[in-house]
Each structure stands twice: as structure tokens, then as C-alpha cells.
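The opening residue of the sequence shown carries number 266 in the numbering used here; numbering runs sequentially from there.
Quick reminder that beta carbons are idealized off the backbone N, C-alpha and C, glycines included.
In this text, all values refer to a predicted model and were calculated from it rather than measured experimentally.
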Amino acid sequence: MNKNRIERFTTKERVLHWVVALSFFTLVLSGLGLFSQMFNGYFNLFGGGQNAIMVHKLAALIFFVTSLMMFFHNRTEITTLTENDWSWIRKKGCYLTKEDCQFNMGKFNPGQKLFALSIAVATVILGITGIFIWFPTFFPRIVVQLSLMLHGLMFVCALMFTVVHVYLGSVGNPGTLESMLWGNVTRTWAKHHHARWYKENFEKNR
Ligand code: HEM
Numbered sequence: 266m267n268k269n270r271i272e273r274f275t276t277k278e279r280v281l282h283w284v285v286a287l288s289f290f291t292l293v294l295s296g297l298g299l300f301s302q303m304f305n306g307y308f309n310l311f312g313g314g315q316n317a318i319m320v321h322k323l324a325a326l327i328f329f330v331t332s333l334m335m336f337f338h339n340r341t342e343i344t345t346l347t348e349n350d351w352s353w354i355r356k357k358g359c360y361l362t363k364e365d366c367q368f369n370m371g372k373f374n375p376g377q378k379l380f381a382l383s384i385a386v387a388t389v390i391l392g393i394t395g396i397f398i399w400f401p402t403f404f405p406r407i408v409v410q411l412s413l414m415l416h417g418l419m420f421v422c423a424l425m426f427t428v429v430h431v432y433l434g435s436v437g438n439p440g441t442l443e444s445m446l447w448g449n450v451t452r453t454w455a456k457h458h459h460a461r462w463y464k465e466n467f468e469k470n471r
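Here it is, written out as C-alpha cells:
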């Protein structure tokens with residue numbers, strides 16, 4: 266690897282991320298027609314409603330398992346907040362000002378931690394409500410109806426969070442997407458976005 270680049274994600278981590286992403290978008294596309302009649306046209310992508318439901322169930326199993334694997338893999342990083350994280354939170358990551366703030370961030374910033382945690386919570390809720398919807402005759406009617414409502418609500422929240430994530434992980438922060446594509450980033454990117462992570466892992470190796 267070029268001396269100016271450092272490893273951010275291993276191949277295993279990247280494969281896991283892209284399986285999660287692919288299964289997530291498959292769930293969105295196959296679920297849209299089930300979410301509202303307005304989106305029935307999306308069934309055509311799968312050759313009809315029955316096929317879309319089948320694909321949805323298969324993608325749900327893959328997403329549930331891999332999304333939780335990704336969460337458990339990153340859980341220590343995601344579930345702890347350092348003093349630097351609090352200063353990021355107080356300044357709202359400087360997303361709302363033109364100021365060029367420098368935060369001494371670890372591997373992930375609090376926004377990324379919040380996203381990862383929200384996806385894990387959404388995965389569990391979507392999974393549990395999904396079981397009730399999958400086997401409606403086994404459960405009381407009220408449980409199935411509440412599940413349908415919560416499933417739809419969680420879907421909308423997860424999709425909104427993901428839209429922001431995709432933007433920030435690509436055009437919003439140039440140089441970031443490379444971490445998930447090739448597994449490495451430039452030292453300049455690392456020092457700018459995740460200075461503490463860089464110092465702790467790479468400074469002495471230079
Ligand atoms: C085209 C779609 C997507 C793109 C371009 C994308 C891009 C990225 C990038 C570049 C990173 C690494 C950020 C860094 O190095 O700091 C990342 C991390 C991550 N991605 Fe994605 N992603 C996509 C879809 C998804 C989806 C659908 C999910 C889950 C539903 C997801 C969950 C995560 C999580 C949990 C992390 C690690 C923590 C974080 O950055 O919040 N990604 N993604």
C-alpha cells in the first residue's frame with residue numbers, strides 16, 4: 266500500500282458492510298409495495314407481489330443477522346462517549362457553522378455512533394415485528410396490527426437515517442467512501458476526521 270495511505274477497514278469488515286447495505290436496499294425496494302399501494306409498481310422489479318414478498322423475507326434474514334454482526338463487531342467503539350465526543354456534541358459536529366473545527370475523534374464520531382446504534386435498534390424492532398407479520402395466524406390480531414404500524418414507522422426512520430449516512434459517507438465528506446471501497450484512507454483524511462484514532466494506531470509507525 267502507498268506510504269501515504271493507512272488501513273481503515275479490513276476486507277471482512279467491508280464485505281459485512283456491503284452485505285448489510287445490499288440487503289437493506291433490497292428490503293426497501295421489495296417492501297415499498299407492501300408499505301403503500303402507491304408504490305405497487307415496485308413489485309414489477311421482482312416479477313410480482315408474491316415474488317417481492319419472498320425476496321423481502323430472504324433479505325430480512327440476511328439483513329437481521331449481518332446488521333447485528335456489524336453492531337457487535339463495533340459495539341465497544343459505538344457505545345462509549347469520550348470527553349472529545351461531548352465537545353463534538355456540544356458544537357453539533359460544526360455541521361451548522363462555516364467554522365473549520367478540529368475535533369480529536371476516535372474511530373467514529375458521535376454522529377456515526379448514533380447512526381450505528383439506531384440501525385441496531387431498528388434491526389431488532391423490525392425483526393421482532395417482522396416475525397409477527399410473517400406468521401399472522403399465530404399471534405393475536407392486535408399484536409399483528411401494532412407490529413404492522415411499528416414496522417412501517419421503523420422503516421421510514423431507518424431509511425431517513427440511511428439517506429443522511431449515504432450522503433455523509435460519500436459526496437458530503439470527500440475521501441470517506443474510499444475507506445469502505447478499498448479499505449484505506451489518506452493520512453491527511455485520517456488526521457482531519459479521526460485524529461485520535463490516527464495518533465493511537467499509526468503515528469508511531471510512520
Ligand atoms: C450506498 C450506500 C452506502 C454507502 C455509500 C455507505 C458508506 C459508508 C462509509 C464510507 C462508511 C465508513 C465511514 C468512515 O470511514 O468513517 C460506512 C460505515 C458504516 N455504514 Fe455505510 N454506507 C452505505 C449504506 C449503509 C447501510 C444501508 C447501512 C445500514 C443500514 C450502513 C451502515 C453503516 C455502519 C453501521 C457503518 C459504521 C459506523 C458509521 O459510519 O456510522 N451503511 N458506510
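Start-to-end residues for the alpha helix (DSSP H) that takes in residue i
i	result
N339	G314 to I343
E348	E348 to R355
C422	R406 to L433
K372	Counting along the chain, K372 falls outside any alpha helix (DSSP H), and DSSP gives it neither H nor E.
K464	A460 to F467
E443	L442 to L446
Residue range of the unbroken beta strand (DSSP E) whose run includes residue i
i	result
T451	N449 to T451
E278	Careful: E278 lies outside any beta strand (DSSP E), inside the alpha helix (DSSP H) at T276 to F300.
R270	R270 to E272
Exposure label - residue i; buried when at least 16 CB within 10 Å
i	result
Q367	exposed
Q315	exposed
F336	buried
Y463	buried
T291	buried
K378	buried
G306	exposed
D365	exposed
G298	buried
L346	exposed
Whether residue i touches residue j by CB criterion (8 Å)
i	j	result
G296	F420	yes
H416	G395	yes
E348	K372	no
A460	N369	yes
V293	L413	no
G434	V450	no
V285	F328	yes
T276	G448	yes
T402	L333	no
N374	G358	yes
V320	F308	no
S444	R273	yes
V409	I398	yes
H430	F467	no
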